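Residue numbers (my numbering): 23 to 280. Where is the CB? At the ideal position from N, CA and C, for every residue including glycine. Note that this is a predicted model, so its numbers are computed, not measured. These notes are about the structure you will find just below.
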Ligand code: COA
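Below, the structure written as structure tokens:
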């Protein structure tokens, strides 16, 4: 793969978007490579947590590739948005936790990529924004839908209508990122978080992600039914027996992801 590099070590997969000359902007090839990467990771049993980051010190992803826009027809725009959405939904539907390590500009499709991840950590120099209105277009890779769900309609419309960039402190304040670290520390801290996640029950985490995303947007009473059904399903796993036994025997659990 030319623009997406995959590195797997000790249960952690690192997905590096590396198109530095264009601040890691997403063209059709980058989207294809991201999709291949996540389809491969689905099959890799030893991978427990996935970290996505951008190559270089300047950008996570500076957006969809604007150079394609001038000649794009409305039909092609529809196809491009649908394609980006499909790839990001594949990432969001991962049963393994996906963490965005936002190491610089996360604009447009870059912010939307971070939104499709389950957790977001940022470096102090990171900048977030949905600047599509500056180009006379709208967010098309999930920004009008995932951003309000994460930060609320008020904060989302602030970003989506003004096109302004916010720093990582403000992003943390509105709930767009979970935590901010210095640029030098970002990857080490994210790896520490990945280690903590890896020490918990993988089946339980997969079912947690399922309950949260299946329930999102439902009426509370319907969401609670989703939760009760998922709680039932987790009781069909071996890991839940090991988890309870380990607690009662005062030892650490040895989860088998079954
Ligand atoms: N699509 C295509 N190319 C992009 C890009 C994007 N989204 N973002 C940056 N680039 C390219 C620039 O065109 C430039 O290429 P060039 O050297 O061949 O001219 C290169 O990346 C470096 O960007 P540059 O603008 O020179 O860096 P900067 O430090 O002056 O500014 C940004 C950085 C992020 C503020 C600026 O690049 C920018 O506003 N990018 C667009 C962000 C955006 O609107 N994203 C949403 C798209 S829908």
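So what's residue i in DSSP terms, helix, strand or just coil?
| i | result |
| --- | --- |
| residue 180 | helix |
| residue 58 | helix |
| residue 202 | strand |
| residue 257 | coil |
| residue 88 | helix |
| residue 237 | helix |
| residue 172 | helix |
| residue 207 | coil |
| residue 167 | helix |
| residue 341 | Residue 341 lies beyond the stretch modelled for the chain, which goes from 23 to 280, so this question has no answer here. |
| residue 118 | coil |
| residue 263 | helix |
| residue 159 | coil |
| residue 127 | strand |
| residue 48 | strand |
| residue 274 | coil |
| residue 244 | helix |
| residue 42 | helix |
| residue 185 | coil |
Could you tell me which of the options sits nearest to residue i, measuring between CA atoms?
| i | options | result |
| --- | --- | --- |
| residue 128 | 59, 159, 82, 158 | 82 |
| residue 89 | 111, 56, 34, 157 | 157 |
| residue 140 | 188, 79, 85, 215 | 215 |
| residue 110 | 195, 165, 194, 278 | 165 |
| residue 26 | 179, 251, 77, 255 | 77 |
| residue 115 | 160, 60, 154 | 60 |
| residue 199 | 179, 70, 137 | 137 |
| residue 257 | 237, 75, 279 | 279 |
| residue 276 | 58, 155, 222, 227 | 222 |
| residue 85 | 96, 209, 163 | 163 |
| residue 94 | 39, 49, 58, 119 | 49 |
| residue 170 | 154, 225, 239 | 239 |
| residue 51 | 29, 30, 23 | 23 |
| residue 288 | 262, 212, 252, 250 | With the chain running from 23 to 280 in the structure shown, residue 288 is simply not present. |
| residue 151 | 168, 143, 132 | 132 |
Counting along the chain, where does the alpha helix (DSSP H) carrying residue i start and finish?
| i | result |
| --- | --- |
| residue 145 | That residue, residue 145, is in no alpha helix (DSSP H); its beta strand (DSSP E) goes 141–145. |
| residue 82 | Element bounds for residue 82: not the alpha helix (DSSP H) but the beta strand (DSSP E), 81–83. |
| residue 113 | 96–114 |
| residue 76 | Residue 76 -> not in any alpha helix (DSSP H); beta strand (DSSP E) instead, spanning 71–76. |
| residue 194 | 190–195 |
Closer than 7 Å: is that where the CB of residue i sits relative to any heavy atom of ligand 1?
| i | result |
| --- | --- |
| residue 127 | yes |
| residue 76 | no |
| residue 15 | With the chain represented from 23 up to 280, any question about residue 15 goes unanswered, as that position is not in the structure. |
| residue 84 | yes |
| residue 144 | no |
| residue 157 | yes |
| residue 130 | yes |
| residue 178 | no |
| residue 47 | yes |
| residue 44 | yes |
Should residue i be counted as a contact of ligand 3 given a C-beta to heavy atom distance under 7 Å?
| i | result |
| --- | --- |
| residue 87 | Of the ligands one can find in the structure shown, namely ligand 1, none is ligand 3. |
Can you tell me where the beta strand (DSSP E) holding residue i begins and where it ends?
| i | result |
| --- | --- |
| residue 222 | Note, residue 222: premise wrong, no beta strand (DSSP E); not H, not E. |
| residue 151 | 149–151 |
| residue 138 | Here residue 138 belongs to no beta strand (DSSP E); instead the alpha helix (DSSP H) covers 131–138. |
| residue 35 | 34–39 |
- Query: Do three or more CB pairs link the stretch 86–101 to the stretch 167–187 at distances below 8 Å?
  - Reply: no
- Quick check: the stretch 119–127 against the stretch 97–107, are there 3 or more CB pairs under 8 Å? no
- Message: For the structure I just gave you, are there three or more beta carbon pairs, one from the stretch 74–81 and one from the stretch 39–51, closer than 8 Å?
- Response: Segment contact: the stretch 74–81 against the stretch 39–51, three or more CB-CB distances shorter than 8 Å; contact assigned.
- Message: Three or more C-beta pairs under 8 Å: does that hold for the stretch 194–204 against the stretch 144–154?
- Response: yes
- Quick one: any contact between the stretch 230–237 and the stretch 191–198, if contact means 3 or more CB pairs under 8 Å? no
- Task: Report yes or no: do the stretch 259–270 and the stretch 238–247 share at least 3 C-beta pairs separated by less than 8 Å?
- Result: The stretch 238–247 and the stretch 259–270 do not touch, with fewer than three beta-carbon pairs separated by less than 8 Å.
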